[in-house]
Amino acid sequence: MKGFLIKNDVKYISTITFTGGEPALKPELIKTFINICEELNIDVGSFYIATNGTITNKEFIDVLMDLWLFCSDNEMSAVDVSKTDYHILTDEQERATEKLKVLRFVNDKSPLDYHYIIAEGRGVKQAKLNGTIDNARRISPEKLTFNKKTITEGEVYLNVNGDILTCCDLSYKRQDKLKIGNYTEGTIKELATNKNLIEFEDY
Numbered sequence: 006m007k008g009f010l011i012k013n014d015v016k017y018i019s020t021i022t023f024t025g026g027e028p029a030l031k032p033e034l035i036k037t038f039i040n041i042c043e044e045l046n047i048d049v050g051s052f053y054i055a056t057n058g059t060i061t062n063k064e065f066i067d068v069l070m071d072l073w074l075f076c077s078d079n080e081m082s083a084v085d086v087s088k089t090d091y092h093i094l095t096d097e098q099e100r101a102t103e104k105l106k107v108l109r110f111v112n113d114k115s116p117l118d119y120h121y122i123i124a125e126g127r128g129v130k131q132a133k134l135n136g137t138i139d140n141a142r143r144i145s146p147e148k149l150t151f152n153k154k155t156i157t158e159g160e161v162y163l164n165v166n167g168d169i170l171t172c173c174d175l176s177y178k179r180q181d182k183l184k185i186g187n188y189t190e191g192t193i194k195e196l197a198t199n200k201n202l203i204e205f206e207d208y
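Sequential numbering from 6 applies to the sequence shown in this note's numbering.
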């Protein structure tokens, strides 16, 4: 990650989203992100994390507090505890989520509208069961627009393998197929140009 940030001359991150799997399994990686940003003087506005809410150890709660204190504009910062058919909690797990909710930026995530389930993997079965398969959600890569060194339109995602993506709603299989490259291979702009996924505005 450090090489990625230096190479692309990042000075400001509007919102950082930590996703998974389950982000609470790797609190040390969130801490590493904070340390790198502090070292390189990178300002981060806000953050978003979705969790199943069952991991409430001291390490995870501590790093959430560190992240909250580090970010410069927490109006949009949030941790959502997922409440879907895929996240049915036991009584013990429900009690665990209550520990997270002592932090004022932790909320229960609204139940998922079945129309938003991505028609891939087990989502296909779920869409069929709920009668939404005909208009189920399909995902395609987004385009990025650059103004000099700033991405003016679109979002960039970095997965755990260092692959750069333009959309977060992708299965692991599709991530591998639709990535614009790996951070070790070049800058975002260079990689996106090679993949013809960006449009340049004339400045």
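Just so you know, even glycine gets a beta-carbon here, dropped at the ideal spot from N, CA and C.
Keep in mind the model is a prediction, meaning the values are calculated, not measured.
C-alpha gap between Thr20 and Ser82, whole angstroms: 8 Å
When the Cβ atoms of the region 65-79 are set against those of the region 31-44, are three or more pairs found closer than 8 Å? yes
Separation of Asn140 from Lys130, as counted between CA atoms: 14 Å
Cutoff 7 Å; reference Lys194; Cβ partners in own chain excluding five residues on either side: Phe151
Would you list the residues sitting across from Ser51 in a DSSP beta bridge? Thr20
Measuring straight from C-alpha to C-alpha, what distance separates Phe9 and Thr192? Model confidence at Phe9 stands at a pLDDT of 48, short of 50, so the residue's coordinates are unreliable; what they give is reported in the following sentence. Distance between the alpha carbons of Phe9 and Thr192 is about 8 Å.
If you draw a straight line from the C-alpha of Glu43 to the C-alpha of Val49, how long is it? 10 Å
Given a cut-off of 8 Å, decide if Ser87 and Ala55 are closer than it, judged by their beta-carbon atoms. yes
Taking C-alpha atoms, which residue in Gly58, Thr189 and Asn135 lies nearest to Leu108? Gly58
Indicate the three-state DSSP secondary structure (helix, strand or coil) for Asn112 in the structure shown. strand
Whose CA, out of Asn112, Lys133, Lys114 and Ile156, lies closest to the CA of Ile122? Lys133
Simplified DSSP state of Asp174, which is helix, strand or coil: coil
Considering only the alpha carbon of each residue, which of Asn187, Val111 and Asp181 lies closest to Asn79? Val111
Beta carbon of Leu149 nearer than 8 Å to that of Gly159: yes
For Glu147, the three-state DSSP class (helix, strand or coil): coil
Give the DSSP-derived three-state secondary structure of Val161 in the structure shown. coil
With a CB to CB cut of under 6 Å and the five nearest residues on each side skipped, what residues in its chain are close to Ile11? Its pLDDT being 46, under 50, Ile11 is placed unreliably in this model, and the coordinates cannot settle the point.
Measure the Cβ-Cβ separation of Thr102 and Tyr53 and say whether it is below 8 Å. no
Host alpha helix (DSSP H) of Val107 (start-end): Careful: Val107 lies outside any alpha helix (DSSP H) and carries neither H nor E.
Roughly how many whole angstroms lie between the Cα atoms of Ala29 and Asp168? 21 Å
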